[in-house]
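No gaps in the numbering here: position 240 of the sequence shown is 271 in the numbering used here, and each next residue is one more.
Here's the structure, in structure tokens; my notes come after.
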Amino acid sequence: MQPRSEPLLWLQCLALGAIPLELMLIRLLLAGADPGPIPGVERLLLWGIGVVAPAIALWKRPADWASLLVVRQKLSSRDRDQLQLSAAQQGPIGLISLVVASLALGLLIGWLDDSAVLTAEFSPVLGQSRLETLLLCIPVLALIVWQVQQLAQAGSLLLGLGKTESASEAIFTTEMLRQQRTSLGLQLLQLPRLSWPAPKQSSSLDAEITEDRSIADDNTEVDKTEVDKTEIESTPEPEASVAG
């Protein structure tokens with residue numbers, strides 16, 4: 032199983048840039064109407080419906096890694112490695128991300144609502160009722176919760192932190208995927224896998240080859256020196272001339 036070869040896992044990392052933009056959109060939507068007489072209750076209801084409810088649903092059935100909400104990869108076309116990726120999603124990282132996202136969004140909703148008046152003139156729903164603006168914020172908050180869990184799961188798989196089991200230890204079938212994962216969207220995606228260049232030889236192997244070559248060169252130099260000494264010793268000395 033090679034998670035790095037799956038393009039959808041890399042696409043889910045784009046949530047790092049999308050989530051701040053979605054928070055800004057919530058701020059603009061909240062700026063469309065003045066807060067009601069009890070804004071604390073309104074924010075609590077918004078947090079409960081838009082954040083807590085989706086988080087509970089994804090706690091029971093985590094988001095499918097091959098689903099982009101609108102479109103997804105065909106269930107029938109997934110091979111064993113892709114099903115093992117789905118099995119690896121059942122881990123603490125995805126659950127912890129839901130808790131962190133729920134608490135963080137609970138605090139952010141209050142801050143966004145308090146500072147929304149600063150962007151009132153840019154609101155696309157300026158002049159609408161408070162109920163309408165709150166209802167428009169609910170799907171955006173649910174989308175953020177979905178993206179946070181998928182981002183955490185994709186990061187754990189790409190970094191090798193996910194729990195991966197061999198097919199002999201755990202078999203994850205398509206039927207189990209339908210029952211245990213939240214897979215939404217039209218089954219239209221069929222992206223080819225990414226191909227990565229082969230890894231270079233390890234540095235230790237290169238060091239051993241270099242050391243062997245240096246030893247061979249030293250032995251060659253020693254042999255040449257011994258041959259030169261032998262030739263010098265075998266060369267006869269010239270006879271001295273006899274004086275007349």
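Note that the Cβ used here is the ideal one computed from N, Cα and C, for glycine as well.
Fair warning: this is a prediction, and the values are worked out from it, not measured in the lab.
Cα-Cα, which of Arg209, Leu174, Ser154 and Pro228 is closest to Val282? Here the chain covers residues 32 to 275 and nothing more, so residue 282 does not appear.
Boundaries (first-last residue) of the alpha helix (DSSP H) holding Val301: The structure shown does not extend to residue 301, since the chain is modelled only from 32 through 275, so no value can be given for it.
So is Phe203 buried or exposed if we call it buried at 16+ other beta carbons inside 10 Å? Stepping through the sequence shown from its first residue, residue 203 is reached at position 172. Result: buried.
Would you identify the three-state DSSP class for Gln221, choosing helix, strand or coil? Counted from its first residue, the sequence shown places residue 221 at position 190. Gln221 falls in the coil class under three-state DSSP.
Taking the straight line between their C-alpha atoms, what separation do you get for Gly122 and Arg35? As a first step, residue 122 is located in the sequence shown; it is residue number 91 there, counting from the start. As a first step, residue 35 is located in the sequence shown; it is residue number 4 there, counting from the start. Distance between the alpha carbons of Gly122 and Arg35: 19 Å.
Whole angstroms is fine: what's the gap from Trp177's alpha carbon to Pro68's? Locating residue 177 in the sequence shown gives position 146, counting from the first residue. Locating residue 68 in the sequence shown gives position 37, counting from the first residue. Cα to Cα, Trp177 sits roughly 31 Å from Pro68.
Just to confirm my understanding: we take Leu208, look at its own chain, exclude 5 residues before and 5 after, and list those with CB closer than 6 Å. What are they? Translated into positions along the sequence shown, residue 208 becomes position 177. Here the set comprises Ser117.
Per DSSP, Ala185 forms a beta bridge with which residues? In the sequence shown, counting from the first residue as 1, residue 185 sits at position 154. Answer is none; Ala185 lacks a bridge partner.
If contacts are defined as beta-carbon pairs under 8 Å, then Gly158 and Gly63 qualify, I think. What distance do you get, rounded to the angstrom? Residue numbering aside, residue 158 sits at position 127 when the sequence shown is read from its first letter. Residue numbering aside, residue 63 sits at position 32 when the sequence shown is read from its first letter. Contact flag correct, Cβ pair sits at about 7 Å.
May I ask you to report which of helix, strand or coil DSSP gives Val102? Walking along the sequence shown from the start, residue 102 turns up at place 71. Strand, per DSSP.
Determine the burial state of Pro93: buried for a count of at least 16 other Cβ atoms within 10 Å of its Cβ, exposed for fewer. Walking along the sequence shown from the start, residue 93 turns up at place 62. Burial call: buried.
For Cys168 versus Leu77, is the C-beta spacing smaller than 8 Å? Residue 168 sits at position 137 when you count from the first residue of the sequence shown. Residue 77 sits at position 46 when you count from the first residue of the sequence shown. The answer is yes: Cβ separation under 8 Å.
Are the Cβ atoms of Leu172 and Gly81 separated by less than 8 Å? Mapped onto the sequence shown, residue 172 falls at position 141. Mapped onto the sequence shown, residue 81 falls at position 50. A contact, by the Cβ cut-off of 8 Å.
Count the CB pairs spanning the segment 94-101 and the segment 213-229 that are closer than 8 Å, and state whether there are at least three. Because the criterion of three Cβ pairs below 8 Å is met, the segment 94-101 and the segment 213-229 touch.
Could you say which of Val179, Ser128, Gly137 and Asp112 lies nearest to Ala49 if we only look at CA atoms? What you label residue 49 is simply residue 18 of the sequence shown in a count that begins at 1. The option with the nearest alpha carbon to Ala49 is Val179.
Beta-carbon within less than 8 Å of Glu200's beta-carbon, same chain only, minus the 5 sequence neighbours each way: which residues are those? Stepping through the sequence shown from its first residue, residue 200 is reached at position 169. The pLDDT assigned to Glu200 is 47, lower than 50, so where the model puts this residue is not dependable, and the model offers no usable value.
Count the other C-beta atoms from every protein chain shown that fall within 10 angstroms of the C-beta of Pro51, then say buried if there are 16 or more, exposed otherwise. Residue mapping note: residue 51 aligns to position 20 of the sequence shown, counting from 1. So Pro51 ends up on the exposed side.
What residue range does the alpha helix (DSSP H) around Val130 cover? In the sequence shown, counting from the first residue as 1, residue 130 sits at position 99. Looking at the DSSP string, the run of the alpha helix (DSSP H) that includes Val130 is Pro123 to Ser146.
Is Leu129 near Leu47, with beta carbons less than 8 Å apart? Counting from 1 along the sequence shown, the entry for residue 129 is found at position 98. Counting from 1 along the sequence shown, the entry for residue 47 is found at position 16. Going by C-beta atoms, Leu129 is not nearer than 8 Å to Leu47.
Please work out which residues of its chain come closer than 7 Å, Cβ to Cβ, to Ala185, disregarding the five sequence neighbours upstream and downstream, and give them in chain order. Looking up residue 185 in the sequence shown gives position 154. Leu40, Gln43, Cys44 and Trp96, listed in sequence order.
With a threshold of 16 other CB atoms inside 10 Å of the CB of Thr205, please say whether the residue is buried or exposed. Along the sequence shown, one-based indexing puts residue 205 at 174. Thr205 comes out exposed.
Candidates Gln113, Ile57, Gly125 and Leu60: which alpha carbon is nearest Ala86's? As a working note, residue 86 is residue 55 in the sequence shown. The residue with the shortest Cα to Cα distance from Ala86 is Gly125.
State the beta-bridge partners of Ala94 as determined by DSSP. Taking the sequence shown and counting its residues from 1, one reaches residue 94 at position 63. DSSP lists Thr213 as partners of Ala94.
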